[in-house]
Structures are given as structure tokens and as C-alpha cells.
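Every letter in the sequence shown is one number past the one before it in our numbering, and letter 192, counting from 1, is 182.
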Amino acid sequence: MAITIGMNIAALSAQRRLADASSDLSRTFERLSSGQRINRASDDAAGLAIADSLRVDSRLYGTAVRNVSDGISLIAIATGTLGQQGSMLERLLELSEQSANGTFSSAQRTTMQREYAALISEFGRLGDSASFNGIDLLLGGRGGRSSQLALQAGIRGASSSQINLATSDTGTLSGNIDLDQLKTADWNGIGGISVQDNFDYIAFAAGNLTRSTIFSAFQDQVFAFTVTDGSGQEREALVGLQYGSFFDAGTPASIGFHVFLKKEEGEGYVSSSSNVSSYLNGSSSLNAQTGKLQLSGPLEFAVDGENLSFDFRGLTFFSGADTGRASSSLELTGIESVSRALDAMSVVRTRLSEISGLIGSFGAVESRLSTSLSLLQGARETSLAAEGRIRDADITSESARLVAKQILQQAGAAVLSQANQQPALALQLLS
-9 MAITIGMNIA
1 ALSAQRRLAD
11 ASSDLSRTFE
21 RLSSGQRINR
31 ASDDAAGLAI
41 ADSLRVDSRL
51 YGTAVRNVSD
61 GISLIAIATG
71 TLGQQGSMLE
81 RLLELSEQSA
91 NGTFSSAQRT
101 TMQREYAALI
111 SEFGRLGDSA
121 SFNGIDLLLG
131 GRGGRSSQLA
141 LQAGIRGASS
151 SQINLATSDT
161 GTLSGNIDLD
171 QLKTADWNGI
181 GGISVQDNFD
191 YIAFAAGNLT
201 RSTIFSAFQD
211 QVFAFTVTDG
221 SGQEREALVG
231 LQYGSFFDAG
241 TPASIGFHVF
251 LKKEEGEGYV
261 SSSSNVSSYL
271 NGSSSLNAQT
281 GKLQLSGPLE
291 FAVDGENLSF
301 DFRGLTFFSG
311 ADTGRASSSL
321 ELTGIESVSR
331 ALDAMSVVRT
341 RLSEISGLIG
351 SFGAVESRLS
361 TSLSLLQGAR
371 ETSLAAEGRI
381 RDADITSESA
391 RLVAKQILQQ
401 AGAAVLSQAN
411 QQPALALQLL
421 S
């Protein structure tokens, strides 16, 4: 090999090898410090694309797991409420059975009726208040509310990613009414009645208007409300369901409902739905052919300075005869008499069966969600593992590489030092 002073090829080669070893050592340090094999696209472009796709899937699976967990929480609230309502219905059935026994006096049945009415009120309150994240769970189909909830349990945009949960209405005034059983209210023979302004409302003289009179006139098909007037005073309002003429003689009222407002003891008014615009902001529709009665609110009632309001919230009742479903409106039931108690038993049993069916439906969906939750958790773990196999560094391999590159770097530095001394031989030959 010739000795030259123009080019030190050995030194240049040693320098290049030392630079390569230092660069490899730097990348090894980066992998060990980050724990990732791929730190930039140039490390493995195809692997990075696949790993990023798997990371997106794993994050979506994580969101789906939270969605399903929220769905299970929602169902837990709904089934818990339905369970309490079922317990109330069992107590209502006990009271109905007890009142149907002819051994009790009217005063004793009145005491039972108070508990019965309180339980019905609480039954409706529970259904009205059951909610999750502001979603009413047990008012399905009422007032424009959806009768189904779509729970996102997958990561794709297709409908197959959703589990649909059918909701129902167990709130206040919920249930079915058999329209074939609605009777015409007959006020003939009751003294002290005066008709005002073309039957817009009917006034009752003091002493002639009682709660029992209203219930009797409407064949016990009456809803009872506690409403508050403008001065903050609580009053009782009764809504009687009626089908046909309001009076046997005179101008017939519209098919629908009538509101009774109790003003003082034995004194009050009945407003006919024939002139809804005068006293009611809401509306009513009753169609015996389709078997549907719909009451919409809020309703405002104003007669002789009495201003009260309450809200029907767009309730719809279906005819048991036309739809094949028995009457199940608890608010129309009572146990003040043996006959009423017997009727109440039938309605409560029907409602109890409906509640049991709802609990079963919710339970079936919860079972599906629990299965989906396990599958989603497994899919998320699989996606994370697959991403890790592509993206994560093999610490054992990188540690061995670290030692090798460090040795190469040190050797390269030593060789470069020796190669740089070769041109000095030429000076010795010239001396």
C-alpha cells in the first residue's frame, strides 16, 4: 500500500464507520428512551400507518365501552324505578282486595282510599322523575318524546352498531282507557245548576256541588288534580272523561273532556271542551274509530276571576276494545265501594303485568349490553396489543444492539485515531 499525504483513505473510511455507529447508537437510545420502535415515519412507514389505524380503533372501542356502561346505568335506573312501581302496584292490589270485602264500612274504605290515592300519585311521580342525563326514561312517546333509545354499542356507522331500547310511559296519567266504556255525563236532576254563556261553563250553587256528585255524573271516570291558583292557594281540579252529549237536552258539547274547578265548599264550575279556545290553551281529540284519546296542554282554566293551570303534556290513551289492550289507567280507579274495588283489581293486575313485562324487556337489553361490554373490552385489548406489537420496541433486542453499537463506536474512534497518524510516516521518510 502506497504512503501518501494527499488523501488519507483509511481515516475517511474509519470516520464514515464511526458516524454510522454513532447514528445507530442514537436511534437505539431514542427507542430505549421512548419505548417505541417507530418514532417517525421513516422508521417504518407501513407499520406506522397500520399502528395508527389500530390506535384509532382502540380509542373508539374505549368510547363504545363507556357508551355501553352508560346504557347499563340508564337501565339500572329504569329497572329500579319500575321495581318500586311494581311494589306499589302490589300494595294497591292488596288494598283493592281488602276493600272488595263487604265487611268494611264506608269510613274504613275512605281511609283505604286515601292510601290508595297517595300510592297512585307516588306511582306517577316516580315515572315522571326517572331520568338519566336529562332523558326521561319512563315517559316514552309522551309529549313528542321518543319511544325508543338508540344505544351506540359499536365503532362503525352502520345501524348494526346500535342496540335499540324501547321505552314506555309509567308516569302520571299513563295507561289505556277503554273508550267503549266512556259514559255520557248526565247532570239532569241535580238542583242548583245554572248554565252560563251558551254552555261555556256550568255553575253550581253552594251546597249542590260535591266530589261524589262529579264522580257519579262521570261514571267514576275522573282524574283528580291538586292545582295552584294565582294567589298560591291550592285547589282541587277534576277532569271528567265523557263520550256523547253533556246534557240530555240542549246543545251537545264536543266529545272530549270537561274540567271541574272547586271554588269553595259546595261551589264551583265545570268548563266544557265545546269551547276550548275560551278557557283552555290545550286541546283534546277523541276518535272512537281509531281508539285514541289525546289530551294536550298546558291547560289554563279561567272562570269569574279564577285562574288555574295544569299540564297534560300531550298524553295519549288508547281504547282497550280497539287495540286489544285492557284499561290500565290507575287514575280512573278507586276503592270507595265494593264494585269500584273489583274494577280496580282488574286494572291494577293489568298494570302490574305491564310493569313486569317492561322489567323483563329492560333486563333482556341489559343482558345484551353486558355481552357487548365484554366483547368491546376484549376487542379494545386486542387492538392495543396489535398496535403494541408493531409500534413498541423490543427492549431485549435494543439492549443487545446498544452494547454492540457502543463497542463499534469505541472501536471506530480508536481506529480513526490510528488512521490519522498514517501521514506522519511520510515525514519520517523525508527526514
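Ideal Cβ placement from N, Cα and C applies to all residues, glycine included.
Residue span of the alpha helix (DSSP H) that contains residue i, given as start and end
i	result
Ala376	Val328 to Arg381
Met102	Ser96 to Ser119
Gly92	Run containing Gly92: none; DSSP gives neither H nor E here.
Arg27	No alpha helix (DSSP H) holds Arg27; DSSP gives it neither H nor E.
Gly402	Ile385 to Ala409
Gln418	Ala414 to Leu420
Pick from the options that is closest to residue i, judged by C-alpha positions
i	options	result
Glu84	Glu105, Ala68, Ser95 and Thr71	Glu105
Leu398	Ser13, Ala0, Met(-3) and Ile62	Ser13
Ser497	Leu374, Arg17, Gln418 and Lys395	Residue 497 lies beyond the range of the chain shown here (-9 to 421); nothing can be said about it.
Ser346	Ser16, Ala35, Ala68 and Ala1	Ala68
Ser16	Arg391, Glu371 and Asp126	Arg391
Ser343	Gly37, Ser77, Leu38 and Gly25	Ser77
Gln74	Ala97, Ala120 and Gly124	Ala120
Phe352	Ser63, Ala39, Arg49 and Ser151	Ser63
Phe122	Phe94, Ser95, Ala97 and Gly70	Gly70
Glu112	Glu321, Gly(-4) and Gln400	Glu321
Leu127	Gln400, Ser151 and Thr160	Thr160
Ala9	Ser389, Leu417, Ala39 and Gln400	Gln400
Ala319	Ser357, Val393 and Leu79	The amino acid occupying residue 319 in the given sequence is Ser; Ala does not appear at that position. Answer by Cα proximity: Leu79.
N-terminal and C-terminal residue of the beta strand (DSSP E) that residue i is part of
i	result
Asn57	Unbroken run through Asn57 is the alpha helix (DSSP H), Ala35 to Ser89; no beta strand (DSSP E).
Ser138	What sits at residue 138 in the sequence shown is Gln, not Ser. Per DSSP, Gln138 belongs to the beta strand (DSSP E) from Gln138 to Gln142.
Leu155	Gln152 to Ala156
Nonlocal neighbours in the same chain, by C-beta distance under 6 Å from residue i, ignoring five residues either side
i	result
Arg7	Gly402
Thr323	Ala334 and Val337
Gln5	Leu406
Ser362	Val58 and Ala143
Lys61	A quick correction: the sequence has Gly, not Lys, at residue 61. Leu141 and Leu359, listed in sequence order.
Gly37	Ile28 and Ile380
Whole-Å CB distance - residue i paired with residue j, under 8 Å assumed
i	j	result
Ala54	Gln142	7 Å
Ala41	Arg381	4 Å
Leu415	Ile(-7)	5 Å
Ile28	Leu359	No, Ile28 and Leu359 are not in contact; Cβ-Cβ is about 36 Å, not under 8 Å.
Val355	Leu155	5 Å
Gly117	Leu129	7 Å
Lys395	Ala140	Not really, about 56 Å apart at Cβ, beyond 8 Å.
Arg379	Tyr51	In fact, because the Cβ distance is near 17 Å, the residues do not count as touching under 8 Å.
Glu377	Arg49	The pair is not a contact, with the Cβ atoms about 10 Å apart (cut-off 8 Å).
Close Cβ partners of residue i (< 7 Å) along its chain, the five nearest in sequence each way excluded
i	result
Gly314	Below a pLDDT of 50, predicted positions are generally treated as unreliable, and Gly314, at 46, falls in that range; no measurement from the model is reported.
Leu348	Leu72 and Ser158
Asp47	Ile145 and Ser373
Asp187	Low local confidence applies: a pLDDT of 47 at Asp187 is under 50, so the model's placement there is unreliable, with the coordinate-based value given in what follows. Excluding positions up to five away in sequence, the list is empty.
Met102	Leu85, Gln88, Ser89 and Ile325
Arg81	Leu109
Gly25	Asp382 and Ala383
Neighbourhood of residue i by C-beta distance below 8 Å, restricted to the same chain and skipping five residues each side
i	result
Ala1	Leu406, Ala409, Asn410 and Gln412
Thr100	Glu326
How do the segment 384 to 404 and the segment 16 to 28 stand: do at least 3 beta-carbon pairs fall below 8 Å, yes or no? yes
Please determine if the segment 90 to 98 and the segment 320 to 332 are in contact, where contact requires at least 3 C-beta pairs separated by less than 8 Å. yes
Taking one C-beta from the segment 354 to 371 and one from the segment 45 to 64 each time, how about it: are there three or more such pairs within less than 8 Å? Yes, the segment 354 to 371 is in contact with the segment 45 to 64.
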